[in-house]
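Under this note's numbering, think of the first position of the sequence shown as 3, with each following residue one higher.
Structure, as structure tokens:
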Amino acid sequence: MKYQLLGKSGLKVSELCLGTMGFGTEAGWGADEATAFKIIDKFAEEGGNFIDTANIYKLGTSEKIIGNYMQNIGVDRDYFAIATKYSLKDNESNPNASGNNRKNMMRSVEASLKRLQTDFIDVLYLHIWDDLTPIEEILRGLDDLISQGKVNYIAISDTPAWVVSKGNTYAELMGLNKFIALQIEYSLLQRTPERELIPMAKHFGMTLLPWAPLAGGALTGKYLRGEQGRIKPESKRLNDTSTTITKEVVAIADEINISPSNVALQWIRQQDIPSIPIIGATKLSQLEDNLKVTEVLLSDTHVERLNQISKIELGFPGDFFKEAGVRQNNFGGFYDKIKKS
Ligand SMILES: NC(=O)c1ccc[n+]([C@@H]2O[C@H](COP(=O)([O-])OP(=O)(O)OC[C@H]3O[C@@H](n4cnc5c(N)ncnc54)[C@H](OP(=O)(O)O)[C@@H]3O)[C@@H](O)[C@H]2O)c1
């Protein structure tokens, strides 16, 4: 496992992040504590240090399992970079027990610290934008948590690009800590973040943390083979388009003798932006398979085949810009002469 710096920070995190949304057996799926411990053991043994959880995952069980793991003899909590999130309602029930507001932020972080049995959170994400709280209130609250030593870095997930841009610009002007990473759904079945979110993340030097990089398991090809998993048959992850894309993933995997999951994860890693896929596994064997991606390199031809089969329309203004780029004379012939970094 190699390490990379998270966004424009000095925090060293592993090139794969361990997703723990499936830690806990509530809602009829997921890994029990003993299996989760084996999964974290294996991840750490291979050099992984970056763990992703949230207050909401299995209503707190995921954080509790990670907290219990850290209390094991021989485990060094400081080795790990633990990321958690606030915004969604967990066990409390009052008008401010959810949302991005400062009151919920402080309440949620205190509860996460208790469940994780730790004094600090390495990375705190805003989980999902509530479309209510002013971004200034959010940045000020997150910055206070850093000043209090309860949080080391802040990041953001599931939020429109214009909101993140406004937040980071405000933080820069006010000398506050900025969001250093962006967590979004991104995979061969979900490329729409290429329209606004990914260019925005590049601009701010934010590391991309793609969630559901295997589209919940659809891209492993197991549903084509008739195997069972957590995805319901009516899910759009199993419709005609996704089936066509998954078949291409499986075909390439067979050609180069690696697993389909490795093809789908590596396609993300070979995109033109620093990213760390969040690998979710509910079984040790799945994690072992996914970890092998660190040894994989896809050829340009294979990447291009995957790009083509999963291609999306950029819509306006992306497609309009591309069209304008073809008619470069519209820019007075200077377009090609300007070196773009
Ligand atoms: N910010 C957000 O809003 C958000 C949303 C969702 C997730 N997340 C984070 O992202 C993480 C990953 O999301 P995800 O779990 O949806 O990711 P995913 O990698 O797309 O799906 C993981 C699922 O795929 C199956 N799987 C994984 N590896 C496999 C393999 N090698 N062979 C066969 N099947 C395999 C398993 O399904 P079965 O359990 O069915 O076997 C596993 O639960 C989460 O744990 C969480 O930390 C964040």
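Every residue, glycine too, gets a C-beta built ideally from N, C-alpha and C.
From the listed residues K204, K313, P262 and T22, the smallest Cα separation to R227 is found for P262. Partner residues in the beta bridge of K14, as assigned by DSSP, are L7.
A straight-line Cα-Cα distance of about 9 Å links I260 and V252. Shown here, P212 sits in a strand according to DSSP, grouped into three states. Assignment of S301 by DSSP, reduced to helix, strand and coil, places it in the coil class. DSSP places Q73 in the coil class of the three-state scheme, outside both helix and strand.
Assigned with DSSP and collapsed to three states, A83 falls in strand. DSSP places G282 in no alpha helix (DSSP H) but in the uninterrupted beta strand (DSSP E) bounded by I280 to G282. Closer than 7 Å to some heavy atom of ligand 1: that describes the Cβ of G231.
Residue nearest to A83 within the set L184, I130 and S16 is S16 (criterion: CA-CA distance). In this structure, DSSP gives G21 an extended state, which the three-state scheme calls strand. In this structure, the beta-carbon distance from G9 to M176 does not fall below 8 Å. The Cβ atoms of Y127 and A157 sit closer than 8 Å to each other. The nearest non-hydrogen atom of ligand 1 is less than 7 Å from the C-beta of M23. Distances taken from the Cβ of D291 to the heavy atoms of ligand 1 include one shorter than 7 Å.
By a beta-carbon distance limit of 8 Å, V153 contacts V111. Their separation comes to about 7 Å. Under the rule that a run must span 4 or more residues, the alpha helix (DSSP H) segments found entirely inside the stretch 161-191 read 163-176. With contacts defined by Cβ atoms closer than 8 Å, M3 and T296 form a contacting pair. In the three-state reduction of the DSSP assignment, L128 falls in the strand class. At a Cβ-Cβ threshold of 8 Å, I258 and R307 do not count as neighbours. With respect to the 8 Å criterion, L144 and N103 are not classified as neighbours on the basis of their beta carbons.
Between S159 and I123 the beta-carbon gap is near 14 Å, outside 8 Å, which marks them as no contact. Leaving aside the five residues that flank P276 on each side, the residues in its chain whose CB is nearer than 6 Å to its CB run, in chain order, T209. Relative to the non-hydrogen atoms of ligand 1, the Cβ of S263 comes within a distance shorter than 7 Å of at least one. At the C-beta level, T86 and T55 come within 8 Å of one another.
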